[in-house]
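Take the sequence shown: its letters are residues 524 to 790, numbered as in our numbering.
Using N, Cα and C, we set each Cβ at its ideal position, and we do this for glycine too.
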Amino acid sequence: MSQQFLSPLASRRGVKWLLEVGAISVLGIALNVEASLEAMAIESEPLEAPTRLSQLYVGDRPMMTTYGRGIASSRADTAEIRFSFGTTDPVSTDFDSESVQPISEAMLQPVTRAIAALGIPDDNIEVEIDRIDPRTLYPGQPMATVIVTLDNPTFATINAVKDAAETTTLENRSFFLYSSYDTCFVEDFLPLENEARLSAIEDARYRIQAMAEAVNTTVGDILATIEVHSYRPVSSTCTPAAEDSELGLDTPEVEVELGVLLTFSPA
524 MSQQFLSPLA
534 SRRGVKWLLE
544 VGAISVLGIA
554 LNVEASLEAM
564 AIESEPLEAP
574 TRLSQLYVGD
584 RPMMTTYGRG
594 IASSRADTAE
604 IRFSFGTTDP
614 VSTDFDSESV
624 QPISEAMLQP
634 VTRAIAALGI
644 PDDNIEVEID
654 RIDPRTLYPG
664 QPMATVIVTL
674 DNPTFATINA
684 VKDAAETTTL
694 ENRSFFLYSS
704 YDTCFVEDFL
714 PLENEARLSA
724 IEDARYRIQA
734 MAEAVNTTVG
744 DILATIEVHS
754 YRPVSSTCTP
764 AAEDSELGLD
774 TPEVEVELGV
784 LLTFSPA
């Protein structure tokens, strides 16, 4: 069997050619482009000739993309306040899991009566009892929840309900108040969401106009739109109305945030 041997010069040329081709291939993969046949045909040319690469593909048409942010708010139709209670002192270091007493609806009657005395209908006060064996819970975890629903809420009413629950709990030594938080709602959410959407589009148009002026061009047609919801699209707490709002500072609002990505072509 015959075997061909390359001269040292031919070997060096072959190795150099392979390295150059490999570098071009890696570059083409990284940039997501295909090298032309002309760029790959380096072997037949003198080694002194400059290496030629195909031009990079950057798209069929120029485009500009920007983000728009829209926020809309409306008076809250209802507010919900959730209180969590348990029978273990959350700040005490003296805890015996075998001596934990379960909590009952009867034990929380002083709290519900104090809230009802503010003029809150009984149907708007709900008690939920955790059915898990309290001895399996870590001390400080809630074992009962009182849910209060307020129609056409005001901050004065919300604060009065919270004060009644806290004061009654302090006067009673059989249970503890672990936490309380409020959430506001609107009956029809879609108009508020659409208002935030239109505000986001208007904001995006303002931004893209500024971008176009900065690069000495004008804005053309919309090529693509993407709606982006905020990580917190609806406010989780009742927020005060703005100072310039006609609602007044005592009226809680629901706030919605929404974003859009708009892509335009230069005119």
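Assigned exposure category for residue i - 16 Cβ within 10 Å defines buried
i, result
"Val738", "exposed"
"Thr741", "exposed"
"Gly545", "Confidence at Gly545 is low in this model, with a pLDDT of 46, below 50, so the placement of that residue is unreliable and no value is reported for it."
"Ile643", "buried"
"Leu673", "buried"
"Leu721", "exposed"
"Leu631", "buried"
"Ala637", "buried"
"Thr611", "buried"
Cβ shell of residue i (< 6 angstroms), same chain only, five flanking positions each side left out
i, result
"Ile604", "Val671, Val684 and Asp705"
"Ala688", "Phe606 and Val634"
"Glu710", "Asp600"
"Thr762", "Glu776 and Glu778"
"Thr680", "Leu673"
"Ala727", "Thr589, Gly591, Val783 and Leu785"
"Tyr729", "none"
Own chain residues within Cβ distance below 7 angstroms of residue i, not counting five before or after
i, result
"Met734", "Met587 and Thr589"
"Glu718", "Ala595"
"Arg584", "Ser788"
"Asn695", "Pro633"
"Ser615", "none"
For residue j and residue i, believed in contact at Cβ under 8 angstroms, the rounded distance
i, j, result
"Leu784", "Val751", "6 angstroms"
"Arg592", "Ala723", "6 angstroms"
"Leu693", "Val777", "Wrong, their Cβ atoms sit about 32 angstroms apart, outside the cutoff."
"Arg787", "Ile731", "One point to set straight first is that residue 787 is Phe, not Arg, in the sequence displayed. Confirmed, about 5 angstroms."
Candidates the options: closest to residue i by CA position
i, options, result
"Met666", "Leu746, Asn695 and Val650", "Val650"
"Thr677", "Asp645, Asp617 and Phe708", "Phe708"
"Gly743", "Thr601, Pro789, Ser597 and Thr611", "Pro789"
"Gly782", "Thr762, Glu725 and Gln732", "Glu725"
"Thr601", "Pro585, Gly609 and Thr774", "Thr774"
"Leu713", "Gln732, Ile749, Glu780 and Ile745", "Glu780"
"Thr691", "Arg598, Phe608 and Arg584", "Phe608"
"Glu628", "Thr668, Ser597 and Arg598", "Thr668"
"Asn803", "Ser597, Arg584, Asp583 and Pro585", "The structure shown does not extend to residue 803, since the chain is modelled only from 524 through 790, so no value can be given for it."
"Asn682", "Tyr729, Leu641 and Arg728", "Leu641"
"Ser703", "Asp686, Ser697, Asp653 and Arg696", "Asp686"
beta-carbon residue i near the ligand GTP non-hydrogen atom, thresh 8 angstroms
i, result
"Glu725", "Among the components modelled here there is no ligand, and therefore nothing to report on the ligand GTP."
Any C-beta of chain B under 9 angstroms from that of residue i
i, result
"Thr611", "Of the chains in the structure shown, none is chain B; there is only one protein chain."
Chain-order list of residues whose beta-carbon lies under 8 angstroms from that of residue i (same chain, five-residue window excluded)
i, result
"Ala639", "Asp645 and Ile648"
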